[in-house]
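In this note's numbering, the protein residues as written are 43 to 468.
Heads up, the beta-carbon is just placed ideally off N, CA and C, and yes, glycines get one too.
Below is the structure:
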C-alpha cells in the first residue's frame, strides 16, 4: 500500500481565498456557532438514577473520604506483619472473624490473626491482609510460610477520594462512568442543566410520511424521522415537530411561534435561492440575525445559522445526506454549547484511504466511510463510495463516520492520510 506522508493542512482547507467567495470555511462556521450559542442558565436537581445523559450544572464533590475506613482488598487473614520475628514460618491463633458490613470489634491481640473478607474493616493492630491462598489453615490456627509485604491487600481510608474532593466537574455529561463516580462519592442526587427545548420544522410540498401513499412526483420524508432520532437525547425536550408547505406566510407564522417556545429551532429545506425556497425570506421578514448562510462544504453548502428572537436557528439542507452531515457537524455542536458541556464532541483523527480518489476541487468534501481494518503501520483503513450524492442515505447503516477531503485537492492516491470524525452518538 502506498503511504502518503505529505503535510496535512490545518482544518479542512476550505478557507483558502480562491475557494471562499461568499461562503465561509467549516472551521469559521463552527467558531461562529461557539461564539453565538451560550449555555442555558436554568438547572434542576435530579436523583442519580434519573440523571443519565444529562449535563452537570455544578461539580459533584465527595461527601466523605473513600474508602471511609481501611478495609480488606480480598479474602484472607489480617495480621501484624511488622511484628513478625525471624524467617518463618509463623503460626497465629485465629481470634476473630470479620465479614463485610460488620465492625472489626476488639483490637487484634499480639500474635493473633483475624479471618477477614473483602470489604471488611481491618481490625486495629493489623497492618496487612494475607490472601487465603497463601495461608495454611490448621484447625483454629493458621500458618504463613512467606513474609508478606507490610500493608498488602489493604485499601486505605481516603485512597480513592478525599472528603470534599471534586469527582465530576460541571459541564460533564453523566454516562455510566460518571454516574459510578458520583455514586461512590455519596451523591444521591445531582444538579443538572435543564433540557434544551428544540422545535423541528421540515419543509417541502413534495414530501409524504414514510410508507404513505404518494404520487409519482412525491417522495417519502426521510428528514423528519432521521432528525427526530438525532434529537432523541436525554438533554433534549422536543417541543414541536411540524411540516411546512412551501409558503412564505405560513412559514413565518410557524417560525415565529416556534421561536417563542424553543431554545433552538431546526429547519430542513427551503434554503436555496429558488422561487419555491422560502425559509431565508421568511426569516428576513422576521428580522432574524443570520450569522452565516453557506459553508464551503459538500454536501451541505446551504447550511445556515443565526438567532431568531430569543431562540437559535439552525437551517439544514433538504437533501437527506446533506441534512445528516450538517446535523453531525453543526447540530451536535449547537446542542453541546447550549448544554454547557465542557467536553468537545467526537475528535477527528487520521485514517488511510483504501483506494484512490478523483474529485472536483473547490469545497471541503465530506463522505461517509467504513473502517475495514488496519494497514501495515497499524493505521485504520477506510473505504467509501466514489462520489458524494447529497440525497442518498442508503449507505449510512454500514458507515462509521465522516471523511474530510481538503478543498484544494482533486486527486488522492490509495493510502492517503485523511481526517476522520466518528458519528456523534445519541
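Boundaries (first-last residue) of the alpha helix (DSSP H) holding residue i
i: residue 348; result: Run containing residue 348: none in the alpha helix (DSSP H); it sits in the beta strand (DSSP E), 346–350.
i: residue 374; result: 374–381
i: residue 297; result: 290–301
i: residue 225; result: 218–226
i: residue 253; result: Here residue 253 belongs to no alpha helix (DSSP H), and DSSP marks it neither H nor E.
i: residue 366; result: 362–368
i: residue 269; result: 265–272
Check whether residue i and residue j have beta carbons under 8 Å apart
i: residue 284; j: residue 328; result: no
i: residue 312; j: residue 360; result: yes
i: residue 462; j: residue 411; result: yes
i: residue 210; j: residue 101; result: yes
i: residue 120; j: residue 141; result: no
i: residue 346; j: residue 334; result: yes
i: residue 393; j: residue 75; result: no
i: residue 172; j: residue 118; result: yes
i: residue 156; j: residue 137; result: yes
i: residue 205; j: residue 104; result: yes
i: residue 71; j: residue 337; result: yes
i: residue 231; j: residue 447; result: no
i: residue 68; j: residue 339; result: yes
i: residue 95; j: residue 277; result: yes
i: residue 358; j: residue 310; result: yes
i: residue 485; j: residue 453; result: What the structure shows of the chain is the stretch from 43 to 468, and residue 485 is not part of that stretch, so it cannot be assessed.
i: residue 234; j: residue 84; result: no
i: residue 388; j: residue 464; result: yes
i: residue 350; j: residue 380; result: no
i: residue 34; j: residue 414; result: The requested residue 34 does not occur in the structure, where the chain is confined to residues 43 to 468.
i: residue 123; j: residue 170; result: yes
i: residue 207; j: residue 214; result: no
i: residue 287; j: residue 300; result: no
i: residue 262; j: residue 271; result: no
i: residue 418; j: residue 456; result: no
i: residue 182; j: residue 135; result: yes
i: residue 408; j: residue 444; result: yes
i: residue 126; j: residue 179; result: no
i: residue 314; j: residue 344; result: yes
Residue i - containing beta strand (DSSP E), residue span
i: residue 66; result: Careful: residue 66 lies outside any beta strand (DSSP E) and carries neither H nor E.
i: residue 434; result: No beta strand (DSSP E) holds residue 434; DSSP gives it neither H nor E.
i: residue 282; result: 278–286
i: residue 459; result: 459–464
i: residue 446; result: 443–447
i: residue 405; result: It is not in any beta strand (DSSP E) - residue 405 carries neither H nor E in the DSSP assignment.
i: residue 309; result: 306–310
i: residue 30; result: Outside the displayed span of the chain (43 to 468) sits residue 30, for which this structure offers no information.
i: residue 452; result: Taken as a continuous stretch (DSSP letters only), residue 452 belongs to no beta strand (DSSP E), as it is neither H nor E.
i: residue 334; result: 331–335
i: residue 275; result: No beta strand (DSSP E) contains residue 275, which DSSP labels as neither H nor E.
i: residue 391; result: 391–395
Opposing strand residues paired with residue i [DSSP bridges]
i: residue 415; result: 423
i: residue 113; result: 163, 197
i: residue 87; result: 233
i: residue 151; result: According to DSSP, residue 151 bridges with nothing at all.
i: residue 410; result: 444
i: residue 326; result: The partner list for residue 326 (beta bridge, DSSP) is empty, contrary to what the question assumes.
i: residue 353; result: 350
i: residue 120; result: 156, 171
i: residue 134; result: 184
i: residue 139; result: 157
i: residue 103; result: 208
i: residue 358; result: 310
i: residue 340; result: 407
i: residue 98; result: 234
Distance between beta carbons of residue j and residue i, contact taken as under 8 Å
i: residue 260; j: residue 250; result: 5 Å
i: residue 113; j: residue 197; result: 5 Å
i: residue 293; j: residue 320; result: 5 Å
i: residue 130; j: residue 187; result: 6 Å
i: residue 224; j: residue 90; result: 6 Å
i: residue 403; j: residue 451; result: 6 Å
i: residue 115; j: residue 160; result: 7 Å
i: residue 32; j: residue 308; result: No answer is possible for residue 32: the residues shown for the chain start at 43 and end at 468.
i: residue 216; j: residue 93; result: 5 Å
Margin query: Restricting to runs no shorter than 3 residues, where is the beta strand (DSSP E) found entirely within the region 176–205?
Written below: The qualifying runs are 178–180, 183–186.
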